[in-house]
Amino acid sequence: PNIVLTEINDVPVAQSTTVLQALSYVRLGGRVIDEQNNILNNYNGQLEVTVFDKLINRVTLANDTGLEADKEPFTTLGETIFRGNASVTNGQFEFGFVVPRDIRIPIGEGRVSFYAKRTNVLEDRRGYNNVIKVGGLNTNAVDDTTPPTVRLYMNDESFVSGGITNNAPILLALLEDAHGINTASGIGHDILGILDGDETNPYLMNDYYETATDDYTRGTVRFPFVNLEKGLHTLQFKAWDTYNNLVTAEIQFVVTGDDVIALEKVLNYPNPFVSYTEFWFTHNRPFEPLDVQVQIFTVTGKIVKTINQQVTTDGFLSRDLKWDGRDDFGDKIGKGVYVYKLTVRSTVTNKTAEKYEKLVLL
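Here it is in structure tokens:
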């Protein structure tokens, strides 16, 4: 491997007797090395790490015959104890986390897998360690009855509950907890999404959670939905911390489909304004170039300013168009109330949508 685990709780791996016990805090350290096992002092980048519980013995179902004699035993990796990110500096890294309560208690060998990406260079490294010990319970763990905190969005953090989306939005769940989030898949303790009250078909989101870089107390679920039906949807979200304290939250969104452009929440901010305002709107075309036009009229219908701009947004909110209160000739227009029309055209389908609103220039 190009990445090696060198320390557990500041003790060299070869000398360490540390067992990753449930509810214990552990720090792991390692290095990025070359083929001669020398540390790469000039290697800087990001490390993705996954820590697994002990191997699980399983048996095939023998679906074809249903006969016991045709069932075959096999093993799989254990449940994910921790999935996170750490920075690599001068070829070295370290990270910490709290082991979830839900690990299987018998002590055995777990696994740590590493994947590193070098900053601004197309060069990656991999590694693993199969000799870490996992099991047992830290009987001296501090008490914790405080649930995690969570903020929910669709596609990006500008989303407001009740807003519009396309039929394949991405749920963003920003989680925070002093002892980290549980991804160990204990019975009843998964990270879940329940759409429109359908508890018999929950969305399992454990594998979509990653911690912030160098901070196991914060992390994000990024879960992609596909082919959602048009209309209003309510998503209930559940997550547990490593001590099995539960947090629940809800978010609503309206799927408009991709056959039309949905244009909502058109406004300008600030309003009233003196010399600067932005035009905001929500739509259902993230990642798609949109031709946007704003025409400003007097109350008698005379056009004083036309703004044309192409915008592309990661989410459903655009706030890219700006105006300084001057007309098409660069002259400052008079104070008062004006009407504007905001038009959006898809560069992919050529569909358009438009809305009228008012603004006040002081």
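In my numbering, the protein residues as written are 3 to 364. Glycine included, every Cβ here is placed at the ideal spot set by N, Cα and C. Values in this document were obtained by computation on a predicted structure and should not be read as measured data.
- To the nearest whole angstrom, what separates the beta carbons of A186 and P102, a pair I think is in contact under 8 Å? 4 Å
- What is the residue span of the beta strand (DSSP E) that S89 lies within? 82-90
- Cβ of R33 versus every heavy atom of the ligand NAP: is any distance shorter than 7 Å? Absence of the ligand NAP is noted for the structure shown, with no ligands found whatsoever.
- Task: Report the option in Y27, V21, V256 whose CA atom is closest to the CA atom of G110.
- Result: V21
- Item | Under the three-state DSSP convention, the category Y210 falls into | helix
- How many angstroms separate the CA atom of D12 from the CA atom of V6? 15 Å
- Query: Can the beta-carbon of N247 be found closer than 8 Å to that of V362?
  - Reply: no
- Query: Contact check, A118 vs G47 under 8 Å by CB: the rounded distance?
  - Reply: 6 Å
- With DSSP as the reference, label Q17 as helix, strand or coil. helix
- Taking C-alpha atoms, which residue in I335, T52, A71 lies nearest to V61? A71
- Which runs of the beta strand (DSSP E) fall wholly inside the segment 207-268 and span at least 3 residues, in chain order? 211-214, 217-226, 233-242, 248-257
- According to DSSP, is A355 helix, strand or coil? strand
- Alpha carbon of F255 to alpha carbon of R287, nearest angstrom: 14 Å
- Item | C-beta contact flag for N275 and S320 at 8 Å | Reading off the sequence, residue 275 comes out as Phe, not Asn. Contact flag unset, no.
- With 16 as the cutoff for other CB atoms within 10 Å, does A175 come out buried or exposed? buried
- Message: Here's the rule: buried if 16 or more other CB atoms are within 10 angstroms of the residue's CB, otherwise exposed. What is P291?
- Response: exposed
- Determine the closest residue to V294 out of V53, T302, Q312, with distance taken between C-alpha atoms. Q312
- Item | Cβ contact (3+ pairs, closer than 8 Å) linking the segment 297-311 and the segment 258-265 | no
- Task: Could you have a look at E290 and say whether DSSP puts it in helix, strand or coil?
- Result: coil
- Have a look at W325, V15, V34 and flag the residue whose alpha-carbon is nearest the alpha-carbon of R120. V34
- Task: Please classify Q17: is it buried, with 16 or more other beta-carbons within 10 angstroms of its beta-carbon, or exposed?
- Result: exposed
- Is the beta carbon of A24 less than 8 Å from the beta carbon of I134? no
- How about R29 and E96: are their beta carbons less than 8 Å apart? yes
- Message: By alpha-carbon positions, which one of G112, P171, E280 ends up nearest to G80?
- Response: G112
- Is the beta carbon of D329 sitting closer than 8 Å to the one on V306? yes
- K2 and Y358: beta carbons closer than 8 Å? Since the first residue shown for the chain is 3 and the last is 364, residue 2 is missing from the structure and cannot be characterised.
- Task: Name the residue from D243, L177, L194 whose alpha carbon lies nearest to the alpha carbon of A214.
- Result: L177
- Query: Expressed to the nearest angstrom, what Euclidean distance is found between the alpha-carbon atoms of Y211 and I172?
  - Reply: 13 Å
- Query: Between which two residues does the beta strand (DSSP E) containing L42 stretch?
  - Reply: Here L42 belongs to no beta strand (DSSP E), and DSSP marks it neither H nor E.
- Message: DSSP three-state label for A71, please.
- Response: helix
- Message: Can you list, in chain order, the residues of its chain with a C-beta nearer than 6 Å to that of T314? Leave out the 5 residues immediately preceding and following it.
- Response: P291
- Message: If I follow the unbroken beta strand (DSSP E) through H285, where does it start and stop?
- Response: 279-285
- Query: From T167 to Q238, what distance separates their C-alpha atoms?
  - Reply: 17 Å
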